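Enquirer:
In UniProt numbering, the protein residues as written are 1 to 312.
1) Extract the residue ranges of the beta strand (DSSP E) inside the region 228 to 307, only unbroken runs of 3 or more that lie entirely within it.
2) Tell me where the alpha helix (DSSP H) around residue 89 begins and ends.
3) Buried or exposed: where does residue 298 fall if 16 or more other Cβ atoms within 10 Å of its Cβ makes it buried?
4) Are the CB atoms of residue 203 and residue 111 nearer to each other than 7 Å?
5) Measure the C-alpha to C-alpha separation of residue 154 and residue 181 and round it to an integer number of angstroms.
6) Evaluate the contact criterion for the region 231 to 239 versus the region 286 to 298: three or more CB pairs, one atom per stretch, below 8 Å.
7) What's the C-alpha gap between residue 224 and residue 32?
8) Compute the distance between the beta-carbons of residue 226 and residue 282, then report whether it is under 7 Å.
9) In this structure, how does DSSP classify residue 171 when only helix, strand and coil are distinguished?
10) Taking just the CA atoms, how far does residue 11 sit from residue 87?
11) Among the residues of its own chain, which have a CB less than 7 Å from the CB of residue 257, if the five just before and after it don't count?
12) Residue range of the alpha helix (DSSP H) that residue 194 falls in?
13) Under DSSP, the alpha helix (DSSP H) around residue 70 begins and ends at which residues?
14) Where DSSP assigns a beta bridge to residue 133, which residues make up the other side?
15) Quick check on residue 309: does DSSP put it in helix, strand or coil?
16) Express the C-alpha separation of residue 158 and residue 228 in angstroms, rounding to a whole number.
17) Can you give me the C-alpha to C-alpha distance between residue 74 and residue 67, rounded to a whole angstrom?
18) Please tell me whether residue 137 and residue 105 are closer than 7 Å, where the distance is taken between their beta carbons.
19) In the DSSP output, which residue or residues are listed as bridge partners for residue 138?
20) List the endpoints of the continuous beta strand (DSSP E) containing residue 201.
21) Apart from the five residues just before and just after residue 118, which ones in its own chain have a Cβ nearer than 6 Å to its Cβ?
22) Quick one, which of 300, 295, 275 has its alpha-carbon nearest residue 266's?
23) By DSSP's criteria, residue 75 is part of a beta bridge. Which residues make up the other side?
This is the structure in structure tokens:
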């Protein structure tokens with residue numbers, strides 16, 4: 001093995017972040033040979049890798065492990081950040097997580113809302129992965145802030161990832177007659193079909209009640225919110241409601257909601273949920289018990305409240 005070339009390849013890969021494919025192209029050898037060179041460099045001590053744990057005040061690995069084991073999650077990210085900056089910090093963490101999980105040819109489904117917007121805003125423009133598709137998972141909520149709308153977020157993320165955007169040009173909740181007509185439309189049916197086959201879903205977890213975006217924007221009338229609460233609803237994912245013990249609220253509202261179902265969401269290989277705040281604790285617990293999430297991103301205060309609720 002040519003140590004001079006091994007050192008050059010190692011510097012390109014570890015210091016300059018050049019991909020193995022690009023290095024192989026530069027030196028005119030196969031990618032598998034580049035991989036063997038990097039393995040050789042580590043074994044010979046040419047490259048020494050150390051993992052520096054971040055300051056303990058930034059992350060809480062104990063809480064992450066606790067929640068992972070309690071709910072069978074593949075990953076939990078818990079950040080100890082100021083509540084005033086939780087959105088931007090958690091958004092950046094979730095954006096890194098999303099990019100880490102992306103490979104060329106995949107499709108990403110998005111719900112809507114403040115939490116998902118925080119993630120999309122933190123995603124940098126990149127062409128590291130190709131042939132991506134971004135899909136809306138549910139219909140729109142008309143009165144919500146423009147930057148939180150599902151279609152707006154789909155278009156923004158698609159632009160940053162140089163991906164195809166598939167928007168859903170329909171309200172989330174309709175009257176029954178309108179619902180039947182719209183779901184029969186080929187354009188709407190196509191989007192709903194694409195939503196069911198995404199590789200990764202990024203979803204916000206909504207609360208029910210006075211703190212709910214659906215309530216604050218008056219998208220749901222007060223009597224509808226009261227009815228949902230009387231049926232045990234504590235949260236929503238993609239505009240579908242569930243109880244604290246993780247059961248779908250089987251209501252007339254659900255039967256006229258346009259968007260991915262919980263059963264379809266459970267079949268998505270990677271579902272990343274992001275939420276924080278005391279008012280979201282019950283909603284997060286219900287979402288975890290629902291069994292649709294396999295990744296959770298939250299802050300330490302919320303994670304502690306989740307832990308205390310489970311231990312009570």
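Using N, Cα and C, we set each Cβ at its ideal position, and we do this for glycine too.
Quick caveat: nothing in here was measured; it's all calculated off a predicted structure.
Expert: Considering the structure as presented:
1) For the region 228 to 307, whole beta strand (DSSP E) runs of length 3 or above, ordered along the chain, are 233 to 237, 240 to 243, 270 to 274, 295 to 299.
2) Per DSSP, residue 89 belongs to the alpha helix (DSSP H) from 86 to 101.
3) Under this definition residue 298 is a buried residue.
4) The Cβ atoms of residue 203 and residue 111 lie closer than 7 Å to each other.
5) Taking the straight line joining both Cα atoms gives about 24 Å.
6) Using a Cβ-Cβ distance cut-off of 8 Å, the region 231 to 239 and the region 286 to 298 are in contact, since at least three pairs of beta carbons, one from each stretch, lie closer than that value.
7) Distance between the alpha carbons of residue 224 and residue 32: 59 Å.
8) The criterion of a C-beta distance shorter than 7 Å is not satisfied by residue 226 and residue 282.
9) Of the three classes helix, strand and coil, the one that applies to residue 171 here is strand, per DSSP.
10) Rounded to the nearest angstrom, the two C-alpha atoms are 36 Å apart.
11) Taken in chain order, the residues that qualify are 172, 173, 239, 240.
12) Here the alpha helix (DSSP H) through residue 194 covers 186 to 195.
13) In the DSSP assignment, residue 70 falls within the alpha helix (DSSP H) that extends over 61 to 71.
14) According to DSSP, which records beta bridges pairwise, residue 133 is partnered with 107, 164.
15) Residue 309: helix per DSSP, three-state reduction.
16) Their backbone Cα atoms lie some 34 Å apart in a straight line.
17) Rounded to the nearest angstrom, the two C-alpha atoms are 10 Å apart.
18) No, the Cβ-Cβ distance between residue 137 and residue 105 is not below 7 Å.
19) 259.
20) Start and end: 200 to 204.
21) Within the same chain, residue 118 has close Cβ partners 87, 91.
22) Checked all of 300, 295, 275; the closest Cα to residue 266 is 295.
23) Within the DSSP bridge table, the entry for residue 75 names 295 as partners.
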